[in-house]
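>
Number of protein chains: 2
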Amino acid sequence: MAKPKKQPRPKAETPKGFRDYFGAEVSQRAAMLGQIAGVYHRYGFDALESSAVETVEALGKFLPDVDRPNEGVFAWQEADETGNGDWLALRYDLTAPLARVYAQHRNDLPTPYRRYAMGPVWRNEKPGPGRFRQFYQCDADTVGAPSVAADAEICAMLADCLEEVGIPRGDYIVRVNNRKVLNGVLEATGLVDAAQRDAVLRTIDKFDKVGESGVRELLGKGRLDASGAYIDGVGLSDEQAAPVLAFLTSKGDDTAATLANLRAAIGGSEIGGKGVDELEEIADLLAAQGYGPDRIVIDPSVVRGLGYYTGPVFEAELTFEILDEKGRKRQFGSVAGGGRYDDLVKRFTGQEVPATGVSIGVDRLLAALHAKGRIQSHDTGPVVVTVMDRERMADYQQMVGELRAAGIRAEVYLGNPKNFGNQLKYADKRNSPVAVIEGGDEKAKGVVQIKDLILGAEIAENATLEEWKERPSQFEVPRAQLVEKVREILGGQG
Amino acid sequence: MAKPKKQPRPKAETPKGFRDYFGAEVSQRAAMLGQIAGVYHRYGFDALESSAVETVEALGKFLPDVDRPNEGVFAWQEADETGNGDWLALRYDLTAPLARVYAQHRNDLPTPYRRYAMGPVWRNEKPGPGRFRQFYQCDADTVGAPSVAADAEICAMLADCLEEVGIPRGDYIVRVNNRKVLNGVLEATGLVDAAQRDAVLRTIDKFDKVGESGVRELLGKGRLDASGAYIDGVGLSDEQAAPVLAFLTSKGDDTAATLANLRAAIGGSEIGGKGVDELEEIADLLAAQGYGPDRIVIDPSVVRGLGYYTGPVFEAELTFEILDEKGRKRQFGSVAGGGRYDDLVKRFTGQEVPATGVSIGVDRLLAALHAKGRIQSHDTGPVVVTVMDRERMADYQQMVGELRAAGIRAEVYLGNPKNFGNQLKYADKRNSPVAVIEGGDEKAKGVVQIKDLILGAEIAENATLEEWKERPSQFEVPRAQLVEKVREILGGQG
Numbered sequence: 003m004a005k006p007k008k009q010p011r012p013k014a015e016t017p018k019g020f021r022d023y024f025g026a027e028v029s030q031r032a033a034m035l036g037q038i039a040g041v042y043h044r045y046g047f048d049a050l051e052s053s054a055v056e057t058v059e060a061l062g063k064f065l066p067d068v069d070r071p072n073e074g075v076f077a078w079q080e081a082d083e084t085g086n087g088d089w090l091a092l093r094y095d096l097t098a099p100l101a102r103v104y105a106q107h108r109n110d111l112p113t114p115y116r117r118y119a120m121g122p123v124w125r126n127e128k129p130g131p132g133r134f135r136q137f138y139q140c141d142a143d144t145v146g147a148p149s150v151a152a153d154a155e156i157c158a159m160l161a162d163c164l165e166e167v168g169i170p171r172g173d174y175i176v177r178v179n180n181r182k183v184l185n186g187v188l189e190a191t192g193l194v195d196a197a198q199r200d201a202v203l204r205t206i207d208k209f210d211k212v213g214e215s216g217v218r219e220l221l222g223k224g225r226l227d228a229s230g231a232y233i234d235g236v237g238l239s240d241e242q243a244a245p246v247l248a249f250l251t252s253k254g255d256d257t258a259a260t261l262a263n264l265r266a267a268i269g270g271s272e273i274g275g276k277g278v279d280e281l282e283e284i285a286d287l288l289a290a291q292g293y294g295p296d297r298i299v300i301d302p303s304v305v306r307g308l309g310y311y312t313g314p315v316f317e318a319e320l321t322f323e324i325l326d327e328k329g330r331k332r333q334f335g336s337v338a339g340g341g342r343y344d345d346l347v348k349r350f351t352g353q354e355v356p357a358t359g360v361s362i363g364v365d366r367l368l369a370a371l372h373a374k375g376r377i378q379s380h381d382t383g384p385v386v387v388t389v390m391d392r393e394r395m396a397d398y399q400q401m402v403g404e405l406r407a408a409g410i411r412a413e414v415y416l417g418n419p420k421n422f423g424n425q426l427k428y429a430d431k432r433n434s435p436v437a438v439i440e441g442g443d444e445k446a447k448g449v450v451q452i453k454d455l456i457l458g459a460e461i462a463e464n465a466t467l468e469e470w471k472e473r474p475s476q477f478e479v480p481r482a483q484l485v486e487k488v489r490e491i492l493g494g495q496g
Numbered sequence: 003m004a005k006p007k008k009q010p011r012p013k014a015e016t017p018k019g020f021r022d023y024f025g026a027e028v029s030q031r032a033a034m035l036g037q038i039a040g041v042y043h044r045y046g047f048d049a050l051e052s053s054a055v056e057t058v059e060a061l062g063k064f065l066p067d068v069d070r071p072n073e074g075v076f077a078w079q080e081a082d083e084t085g086n087g088d089w090l091a092l093r094y095d096l097t098a099p100l101a102r103v104y105a106q107h108r109n110d111l112p113t114p115y116r117r118y119a120m121g122p123v124w125r126n127e128k129p130g131p132g133r134f135r136q137f138y139q140c141d142a143d144t145v146g147a148p149s150v151a152a153d154a155e156i157c158a159m160l161a162d163c164l165e166e167v168g169i170p171r172g173d174y175i176v177r178v179n180n181r182k183v184l185n186g187v188l189e190a191t192g193l194v195d196a197a198q199r200d201a202v203l204r205t206i207d208k209f210d211k212v213g214e215s216g217v218r219e220l221l222g223k224g225r226l227d228a229s230g231a232y233i234d235g236v237g238l239s240d241e242q243a244a245p246v247l248a249f250l251t252s253k254g255d256d257t258a259a260t261l262a263n264l265r266a267a268i269g270g271s272e273i274g275g276k277g278v279d280e281l282e283e284i285a286d287l288l289a290a291q292g293y294g295p296d297r298i299v300i301d302p303s304v305v306r307g308l309g310y311y312t313g314p315v316f317e318a319e320l321t322f323e324i325l326d327e328k329g330r331k332r333q334f335g336s337v338a339g340g341g342r343y344d345d346l347v348k349r350f351t352g353q354e355v356p357a358t359g360v361s362i363g364v365d366r367l368l369a370a371l372h373a374k375g376r377i378q379s380h381d382t383g384p385v386v387v388t389v390m391d392r393e394r395m396a397d398y399q400q401m402v403g404e405l406r407a408a409g410i411r412a413e414v415y416l417g418n419p420k421n422f423g424n425q426l427k428y429a430d431k432r433n434s435p436v437a438v439i440e441g442g443d444e445k446a447k448g449v450v451q452i453k454d455l456i457l458g459a460e461i462a463e464n465a466t467l468e469e470w471k472e473r474p475s476q477f478e479v480p481r482a483q484l485v486e487k488v489r490e491i492l493g494g495q496g
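Which chain is which? The protein sequence lines are A and B, in order.
Quick note on my numbering: the first sequence kicks off at 3 and runs consecutively.
Quick note on my numbering: the second sequence kicks off at 3 and runs consecutively.
1. Please name the residue, chosen from Gly87/B, Val485/B, Phe24/B, Leu238/B, that lies closest to Ala408/B on a Cα-to-Cα basis.
2. What's the gap between the Cα of Glu219/A and the Cα of Leu367/A?
3. Skipping 5 residues on each side, what residues in its chain have a beta carbon closer than 8 Å to that of Tyr497/A?
4. Which residues in chain A sit within 7 Å of Tyr23/B, going by Cβ to Cβ distance?
5. Within 8 Å of any Cβ in chain A, is that where the Cβ of Asp391/B sits?
6. Check whether the region 227 to 246 of chain B touches the region 301 to 319 of chain B, counting contact only when three or more Cβ pairs, one atom from each stretch, lie closer than 8 Å.
7. Given this structure, state the Cα-to-Cα distance separating Leu164/A from Pro170/A, to the nearest angstrom.
8. Using a Cβ cut-off of 8 Å (strictly closer), state whether Ser379/B contacts chain A.
9. DSSP has Glu319/A in a bridge; who is on the other side?
10. Does DSSP put Ile439/A in a helix, a strand or coil?
11. Quick one: what's Arg225/A bridged to in DSSP?
12. Could you pull out every unbroken beta strand (DSSP E) segment of at least 3 residues lying fully inside the region 280 to 319 of chain B, listed in chain order?
13. Rounded to the nearest angstrom, what separates Asp345/A and Val355/A at their Cα positions?
14. Tell me whether Thr382/A sits in a helix, a strand or coil according to DSSP, three-state version.
15. Starting from Gln353/A, find everything on chain B with Cβ-Cβ shorter than 7 Å and list it in chain order.
16. So that I know if they touch, is there some Cβ in chain A lying closer than 8 Å to that of Gln399/B?
17. Give me, in chain order, the residues of the same chain whose beta-carbon lies closer than 7 Å to that of Ala161/A; leave out the 5 immediate sequence neighbours on both sides.
18. Closer than 8 Å, CB to CB, is Gln136/A near chain B or not?
19. For Ala446/B, is the classification buried or exposed, using 16 other Cβ atoms within 10 angstroms of its Cβ as the cut-off for buried?
20. Using DSSP with H/G/I as helix, E/B as strand and the rest coil, what is Glu127/B?
21. With DSSP collapsed to three states, give me the class of Gln37/B.
22. For a cutoff of 8 Å on Cβ pairs, would you count His43/B as touching chain A?
23. Within the chosen definition, does the region 424 to 431 of chain A reach the region 369 to 379 of chain A through at least 3 CB pairs nearer than 8 Å?
24. DSSP three-state call for Pro122/B: helix, strand or coil?
25. Just reading off the alpha helix (DSSP H) that Glu59/A is part of, what are its end residues?
26. What span of residues does the beta strand (DSSP E) with Glu463/A cover, start to end?
27. DSSP has Ile362/A in a bridge; who is on the other side?
28. Can you tell which of Gly237/A, Glu282/A, Ser303/A, Ile284/A has its C-alpha closest to the C-alpha of Leu247/A?
29. Can you look up Ala194/B in the DSSP assignment and give me helix, strand or coil?
30. Look at the alpha carbon of Glu51/A and the alpha carbon of Tyr23/B, and state the distance between them as a whole number of angstroms.
31. Check for me: the beta strand (DSSP E) holding Tyr138/B runs from which residue to which?
32. Grab the span of the alpha helix (DSSP H) containing Glu393/A for me, first residue to last.
33. Are the C-beta of Met34/B and some C-beta of chain A separated by less than 8 Å?
34. Could you check where the beta strand (DSSP E) with Asp48/A kicks off and where it finishes?
35. Can you list, in chain order, the residues of its chain with a C-beta nearer than 7 Å to that of Glu444/B? Leave out the 5 residues immediately preceding and following it.
36. Name, please, each residue of chain A whose Cβ falls closer than 9 Å to the Cβ of Thr57/B.
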């Protein structure tokens, strides 16, 4: 008989660009998604969970007109009888599936349709440090409401979400701009050439990086960038560039001043006037509900996404400073964004349907809360009941049963109990607050030993002998007081 | 200029075998997963969320030795520089990724490693009615604990989970069996031929369907099945078949009787004896924690999965009756299962690592709660504040702001407000409990109209004029009492 060929062992690795999430990473994200879902729900939004897999046709953008669909999505071809089934792909965001769902179910869905969705999306991109090919999105959108009251509602809801997850007022700001105002500004420049208009749009996108003087140079003759290279400008005259610069710098001391500046910037443009009216209406609606400019502010310097959206655009920023990886102070920056887009379902039905929505970056928010020390990077581990006598496993199980019934996270050590040191090392690795010990002597005396592991670690690091005597990290209590004493220790750490 | 070719509109459809989940379907599942996660966590299990995408190599079973990997998974080949990257696939369960994660991170993970995982998995199978190619799993496993105390713990946790999600004691039973006992029984039959042993295993799997007499016939000469076809038997003598039948029917009036029957069935088999000892130990450990045979019972008639597992096997069944689609009473049946398997990470590391775990079918559990009327199929919709005067949108937004601040789900109607009937139709479609109306007259009088939509619907269906007079479904209240009155109505429905 031929010797069976030995198969090489498979590598135990995630595919490149993917990662696993452990313990607190998972539960903290789940808790945050739950908090945000609670706010979305309170605002009347309904949950939607679409399938992770879509036809490439429905996703759009990525058409199977070549041998393999374009990069950007993970796609494969179904094997049907002919060997040539549909191309399927993993969703790359939650908006494209919303368009498909709304087109498919529009007769059964209410209009307007307010929906929220949260879950992973996948991008077939080159992975890099901190850039993963699977990540979470957490969106809310209103489909079928043309009124900017829908946009104002989204902004208010966004502010509520940030406070709900633990970003206090003053630590965030939601900025609102409007694509229509920009269109009015473009009219005011007098530019008619489409290529030149596009060049102006691209230049505006750089405002965040290069500031007012940089944009002024780039709209005109050009500028030397930081590396010393010369970047050609759009070639506008000072007069042509003026409305654009007025627009970008129109933020005044209060909303009224900003709006007046904007009206000046758009000249007599009709679409621009409509845009400013919309911003005014949004500000009024929000003010009536108590959302002042300390929380949501009209700010024309917000340009991210202006090219993509068709009306109001919003962005939430955290305003506190954190230390970056090189120890430099910097603003934390953007954690959510959105706006109005009106071509959502047109691809499917031919009808234009107005829509507006927001996407909250939960992983960024979690990172912010960590950076501010507002959430711990470790879960508190379980109380570990050690096994001194493996014949008395039932006794130990009874202890954890009592602890759990009192709502306390607890477990019996289930590894090999022979080496007691290993049991304590295990408890340490689990970040356990308390270990419980009941050997034969304790059993006979009707007591258990309780070891306060967190206090123990502190003493080992800091305490003098004096303090140690006063507050021992291990003590004996009657067996009947197990739950009570453990709860006292845990309470002290709460 | 050539007329641009008109692209056909894409179909707005999920791929075959996939579906979308709306509203309560999503939030009820999320709530149930949260409840189960709470129990798992209390037992000391840590969350794990592995990537949805794995290399085909790591998933195993499905090797890329042909042009396309075997059916069963959704797989595709990465396009690297050479055009021949790794084959990737969507996970088909949560156990294969656990094996990969444990092998990859074993030096950083505690031993034993208790982890839970919940999320969608994907199967590339022919879809059928009620059979989807994406569905949820919700697993807990203990890796690295050889002791059956780990199995007992899983059983207790399973019972706790069922009660936590709303299945009361008495409506479920967790049955426990052991593969080692079956191995002992096979020894007792005296069969040595592997093919004959496999045939006996396959026959045992039919016990659920054909019962004792059916298995007796199938172990012997064979039997006529329901369709009239003759099924050949395994060909055992009565004497050879006796231990198998004794095993399957060994459930006694209490645990002691069952264990005694099992000891008789295995004859002198060593492995069988070890299996019975394990069952006894599990029963003792559970009894010590108060889990009696009314909740977790040793039951050798549980044969599902016996071929796959290597030690204890468990299955949770709901014992109440429901009406099936044809109106016939039937037992609801299995909602969770699991057991011990010891080859988890061997593929990766060569080392055998003991593991035991359970998978809870959340969609089955949700269906059971629906069937029993314990959860509603609809979410309660939001309170809808109607728009009588579109110039006063800020007033209406203020109302929903007050309602939300009081924790009440509420929204302003954001569709076209011209047709008031449409606003009420919308509220109806949203399953709204209350509509709020404030026209010019009400505004002038300082009041709002409150419409109790659920009472209104009841009256429309059932009430006589007399009752209607006594309890009007629409009434006027001072504007300042809006929140209080809405809360009263909602409270009455709680």
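Where is the CB? At the ideal position from N, CA and C, for every residue including glycine.
The structure says:
1. Here the question's residue 408/B lines up with position 406 in the second sequence. Looking from the CA of Ala408/B, the closest CA among Gly87/B, Val485/B, Phe24/B, Leu238/B belongs to Val485/B.
2. On the first sequence, position 217 is the one that residue 219/A refers to. On the first sequence, position 365 is the one that residue 367/A refers to. Each residue's Cα considered, the two are about 36 Å apart.
3. The displayed coordinates of chain A run from 3 to 496. Any statement about residue 497/A would go beyond what the structure contains.
4. As a position in the second sequence, residue 23/B is number 21, starting the count at 1. Per Cβ cutoff of 7 Å: Glu51.
5. The residue given as residue 391/B occupies position 389 in the second sequence. So, not an interface residue.
6. Between the region 227 to 246 of chain B and the region 301 to 319 of chain B, the count of C-beta pairs closer than 8 Å stays below three; the two stretches do not touch.
7. The residue you call residue 164/A lines up with position 162 of the first sequence. The residue you call residue 170/A lines up with position 168 of the first sequence. Taking the straight line from one Cα to the other gives about 8 Å.
8. The count along the second sequence starts at 1 and reaches residue 379/B at position 377. No - not a single Cβ of chain A is within 8 Å of the one on Ser379/B.
9. The residue you call residue 319/A lines up with position 317 of the first sequence. Bridge partners of Glu319/A: Ile175/A, Ser336/A.
10. Residue numbering aside, residue 439/A sits at position 437 when the first sequence is read from its first letter. Here Ile439/A sits in strand by DSSP.
11. Looking up residue 225/A in the first sequence gives position 223. Paired residue(s): Ile233/A.
12. 298 to 300
13. What you label residue 345/A is simply residue 343 of the first sequence in a count that begins at 1. What you label residue 355/A is simply residue 353 of the first sequence in a count that begins at 1. Taking the straight line from one Cα to the other gives about 6 Å.
14. As a working mapping, residue 382/A is identified with position 380 in the first sequence. Residue state, collapsed to three classes: coil.
15. For this step, residue 353/A is matched to residue 351 along the first sequence. Residues of chain B passing the Cβ test: none, with the nearest at roughly 11 Å.
16. Taking the second sequence and counting its residues from 1, the one referred to as residue 399/B is at position 397. Closer than 8 Å: yes.
17. As a position in the first sequence, residue 161/A is number 159, starting the count at 1. Excluding positions up to five away in sequence, the list reads Val176, Tyr293, Arg297, Ile298.
18. Here residue 136/A corresponds to residue number 134 of the first sequence, with the count starting at 1. When Cβ-Cβ separations below 8 Å define contact, Gln136/A makes contact with chain B.
19. What you label residue 446/B is simply residue 444 of the second sequence in a count that begins at 1. Exposed, by the Cβ-count rule.
20. Walking along the second sequence from the start, residue 127/B turns up at place 125. If DSSP states are grouped into helix, strand and coil, Glu127/B belongs with coil.
21. The residue given as residue 37/B occupies position 35 in the second sequence. The answer is helix: DSSP assigns Gln37/B an H, G or I state.
22. In the second sequence, residue 43/B corresponds to position 41, counting from 1. Taking Cβ atoms only, chain A reaches closer than 8 Å to His43/B, which makes this a yes.
23. no
24. Locating residue 122/B in the second sequence gives position 120, counting from the first residue. It is a strand residue.
25. For this step, residue 59/A is matched to residue 57 along the first sequence. Counting along the chain, Glu59/A sits inside the alpha helix (DSSP H) bounded by residues 58 to 61.
26. One-based indexing of the first sequence puts residue 463/A at position 461. From DSSP, Glu463/A is part of no beta strand (DSSP E) but of the alpha helix (DSSP H) over 455 to 464.
27. Here residue 362/A refers to the residue found at position 360 when the first sequence is read from its first residue. Ile362/A is bridged to Ala338/A.
28. The residue you call residue 247/A lines up with position 245 of the first sequence. The residue with the shortest Cα to Cα distance from Leu247/A is Ser303/A.
29. Residue mapping note: residue 194/B aligns to position 192 of the second sequence, counting from 1. Rather than Ala, the amino acid found at residue 194/B in this sequence is Val. If DSSP states are grouped into helix, strand and coil, Val194/B belongs with coil.
30. As a first step, residue 51/A must be located in the first sequence, where it is residue number 49. As a first step, residue 23/B must be located in the second sequence, where it is residue number 21. Distance from the CA of Glu51/A to the CA of Tyr23/B, rounded to the nearest whole angstrom, comes to 5 Å.
31. On the second sequence, residue 138/B is found 136 positions in, with the first residue counted as 1. 136 to 145 is the span of the beta strand (DSSP E), which, as asked, contains Tyr138/B.
32. Taking the first residue of the first sequence as position 1, residue 393/A is located at position 391. Counting along the chain, no alpha helix (DSSP H) covers Glu393/A, and no H or E run does either.
33. Along the second sequence, read from residue 1 onward, the residue named residue 34/B stands at position 32. For Met34/B, no CB of chain A lies under 8 Å from its own CB, so it is not counted at the interface with that chain.
34. Against the first sequence, residue 48/A aligns to sequence position 46. Here the beta strand (DSSP E) through Asp48/A covers 48 to 51.
35. As a first step, residue 444/B must be located in the second sequence, where it is residue number 442. These residues qualify, in order along the chain: Val450, Gln451.
36. Taking the second sequence and counting its residues from 1, one reaches residue 57/B at position 55. Within 9 Å Cβ-Cβ: Pro12, Lys13, Glu15, Thr16, Pro17.
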